[in-house]
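Note sheet for the following structure.
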Amino acid sequence: MKVETVVSDSASIVPQVELLAHTRIRECYQCGKCTAGCPMAAGMDAPPTRLIRLLQLGHGEAALRAQSIWQCVSCQTCATRCPKSVDCAGVMDALRQLSAERGAATPEQQRTVLFQKAFLNNIRRNGRLNELELIGEFKLSTFLHGRSLSFLFKDATLAPDLMKRKKFHLVGEKARDRAVLARIFARCVDESLL
Amino acid sequence: MNLAYYPGCALHGSSNDYEQSLRACLEPLDVQLKEIDDWICCGATAAHSLNQKLAVALPARNLALAENQGFREMLAPCPMCSMQLLKARKAVAQDEALRRSMSEIVELEVRGETRVLNLIQLFEKIGLDRLKAAVKSPLSSMCAACYYGCLLTRPPEVVEFDDFEQPRSMEKILEALGGKTVDWNYRTECCGAGMTMASEQTVLDLSHKILSNAQAHGANCLVVACPMCHVNLDMKQANIERHYGVRHAMPVYYLSDVVGLALGFRPEALGVNRHFVPGVASSADLQVSKPATGPKAGAK
């Protein structure tokens, strides 16, 4: 009988994932219930069950490069239905965090990463989300990443529609104590990430 | 009833119609909302996707603000906010070291004692009998698909609300208002959530399935209790129709809209006229003698 040895990545990311997600990867017995209920699974390169398996086998780098982690809509169905209480949605969050920190996200999923970063930058500055500013920053950053002009101007027609409905604010709200926001961010997030 | 109010960014942004209707309908029910002074964003998906520490710190700061302002209970009408608040509350309650480090990070003592209510829970607290007694215009022609989406019931160990596969709490409220509800399959499926800007196709695909299923089961409207669900199902509905070459014409109401309508408010007083898909033009449209809004009532 031939015995194959699994060659794992230099440093396993499993302990980091487990720490961030407060869950145990090895608990998973691959029943597939998470993937069965996942609304995004059909279009995923590595749906939840497979992603967990990649981690179990030590293929952390493949998990970090999977497009699926950025396709996930965080609906929590996988974690809710898991018979072994593996927090799969938490694993997705942990993988996203590690992937973003290491710049491992694929170009196809870069748009989602840029949106999340623009969102956090906006909160760091204002304390509350300024939608117009967010859209501006997101569109600009995706454009600078070599994205299309059509995406830059997509949704532009939405502005008058929102204005007509008084759902559009040129000047957004801000929290008063924005200095504390800057300090909270500095204590949690590496400056270079945003 | 006095209650701390955590509006969250959406209700002070493009979902201000949600705030308008909930403020209007809570007034005759004797609920006074006191906005938490200097609240900040809960961090939403961006925080829990990019930094787990920040995802606890931002809501923890809001819990601490509420507690320091003397509140023991708060309303968070956005399920994203309420889930994040509850998650942070649970995390600090279970881990004293984390509670202390979070208190240092957010520069306020976080006790994690404040109760967090979603809008459905607030109506339950007011009481369905009380709600029923306040109805002036029963919603007799309404045949609603109550849509819960993800975060009202998930993760169950965090939100501890209703049945996570077969919730019924919104249906009970609708029935108290004299309306009918349909039994359908997509009440807890995801609408695409925060992908609206970054990946519109995701929203179009998922929300189309929800609208189609509601329609197939004879609903003449959708009722939601989430600003993101409303954006995806209402604002994006025209794009969904264009993309799939179908016509849904499905009005999407906030839960507070339907309570307000039953209490006799005009649609404009609730901001219903500011939705993208036209809803009822007057409360008379809710009576059985008039045909229901939309062409597909009672399709099945």
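Note that the protein sequences, when read in sequence, are chains A and B.
Numbers 72 to 265, taken from our numbering, label the letters of the first sequence in order.
Numbers 2 to 301, taken from our numbering, label the letters of the second sequence in order.
Ideal Cβ positions, reconstructed from N, Cα and C, are used throughout, including at glycine.
Owing to the predicted nature of the structure, the values given are computational and were not obtained by experimental measurement.
Does B/Cys82 get closer than 8 Å to chain A when you measure Cβ to Cβ?
no
Could you tell me whether any Cβ in chain B is nearer than 8 Å to the Cβ of A/Phe186?
yes
Minimum Cβ-Cβ distance from B/Cys230 to chain A less than 8 Å:
no
State yes or no: is the C-beta of B/Leu120 within less than 8 Å of the C-beta of B/Cys147?
no
Could you work out which residue in A/Leu264, A/Lys238, A/Arg247 and A/Ile255 is closest to B/Asn274 when comparing CA atoms only?
A/Lys238
In chain order, what residues of the same chain lie with their CB nearer than 6 Å to the CB of B/Leu30, ignoring the 5 residues before and after it?
The beta carbon of B/Leu30 lies closer than 6 Å to those of Ile127 in the same chain, with the five residues before and after it left out.
DSSP state of B/Ala67 mapped onto helix, strand, coil
Three-state result, B/Ala67: helix.
Do A/Gln168 and B/Asn233 have their CB atoms nearer than 8 Å?
No. Outside cutoff.
Just the chain A side, please: which residues come within less than 9 Å of B/Cys227 by C-beta, in chain order?
Within chain A, no residue comes near B/Cys227; the closest Cβ sits about 12 Å away, beyond 9 Å.
Hey, is B/Lys291's beta-carbon within less than 8 Å of any beta-carbon in chain A?
With a pLDDT of 48 at B/Lys291, under the threshold of 50, the modelled position of this residue cannot be trusted; read the value that follows with caution. Not closer than 8 Å to any Cβ of chain A, the Cβ of B/Lys291 fails to qualify, so no.
Under 7 Å by beta carbon: chain B residues contacting A/Val251:
Glu108
Where does B/Met75 fall in DSSP's three states?
B/Met75: strand per DSSP, three-state reduction.
Per DSSP, what kind of secondary structure is B/Glu176 in: helix, strand or coil?
helix
So what does DSSP say about B/Gln33, is it helix, strand or coil?
Strand at B/Gln33.
How about A/Ala150 and A/Gly161: are their beta carbons less than 8 Å apart?
yes
Are the beta-carbon atoms of B/Ala61 and B/Val111 separated by less than 8 Å?
Yes; because the gap between Cβ atoms is below 8 Å, this pair is in contact.
Nearest to A/Val242 by CA position, among A/Gly207, A/Ala230 and A/Leu203, is which residue?
A/Leu203
Contact criterion: CB-CB distance below 8 Å. Does B/Ala199 meet it with respect to chain A?
yes
Can you find a CB in chain B that lies within less than 8 Å of the CB of A/Thr76?
Low local confidence applies: a pLDDT of 48 at A/Thr76 is under 50, so the model's placement there is unreliable, with the coordinate-based value given in what follows. It does not; no Cβ of chain B falls within 8 Å.
To test your reading of the DSSP string, which unbroken alpha helix (DSSP H) runs of 4 or more residues are found completely within the segment 163-244 of chain A?
181-197, 202-215, 220-224 and 229-235
Using the Cβ count rule (16 or more neighbours within 10 Å means buried), how would you classify B/Ala246?
Inspection of the sequence shows that residue 246 of chain B is occupied by Gly rather than by Ala. Exposed is the call here.
Among residues of its own chain, excluding the 5 on either side of B/Glu242, which ones have a beta-carbon nearer than 7 Å to its beta-carbon?
Residues Arg248 and His249 of the same chain have their beta carbon placed closer than 7 Å to that of B/Glu242, with the five preceding and five following residues left out of the count.
What does A/Arg258 touch in chain B if you count any residue whose Cβ is under 7 Å from its own?
Ile106, listed in chain order.
Considering only residues of the same chain and omitting the five flanking positions on each side of A/Asp116, which have a CB-CB separation below 7 Å?
Ala137, Gln138 and Ser139
Three or more beta-carbon pairs under 8 Å between the segment 140-155 of chain B and the segment 93-106 of chain B, yes or no?
no
Rounded straight-line distance, which links the Cα of B/Thr182 to that of B/Met251
Looking at the two C-alpha atoms, the distance is approximately 15 Å.
Going straight from the alpha carbon of B/Leu287 to that of B/Glu166, what length do you get?
As the crow flies, the alpha-carbon of B/Leu287 is around 30 Å from that of B/Glu166.
Just how far apart, CA to CA, sit A/Ala250 and B/Ala134?
Distance from the CA atom of A/Ala250 to the CA atom of B/Ala134, rounded to whole angstroms, is 48 Å.
Residues of the segment 180-206 of chain B in Cβ contact with chain A at a cutoff of 7 Å, in chain order, please.
Glu190, Cys191, Gly193, Ala194, Met196, Met198, Ala199, Ser200 and Thr203
Assign A/Arg173 to buried or exposed, taking buried as 16 or more other Cβ atoms, counted over all protein chains shown, within 10 Å of its Cβ.
exposed
Leaving aside the five residues before and after A/Gln181 along the sequence, list all residues of the same chain whose C-beta is less than 7 Å from its C-beta, in chain order.
His216
Check each candidate in B/Arg267, B/Leu205 and B/Ala5 and name the one with the smallest Cα separation from B/Gly83.
Looking at the sequence shown, residue 83 of chain B is not Gly but Ser. The shortest C-alpha separation from B/Ser83 is found at B/Ala5.
Taking 7 Å as the limit between beta carbons, can you name the residues of its chain near B/Val107, skipping five residues before and five after?
Ala58, Ala61, Arg62 and Ala65
Contact between the segment 11-21 of chain B and the segment 218-238 of chain A is defined here as three or more beta-carbon pairs at a separation below 8 Å; is this criterion met?
yes
Identified DSSP bridge partners for B/Ala146:
B/Leu223
Rounded C-alpha distance that separates B/Gly14 from B/Pro78:
Rounded to the nearest angstrom, the two C-alpha atoms are 14 Å apart.
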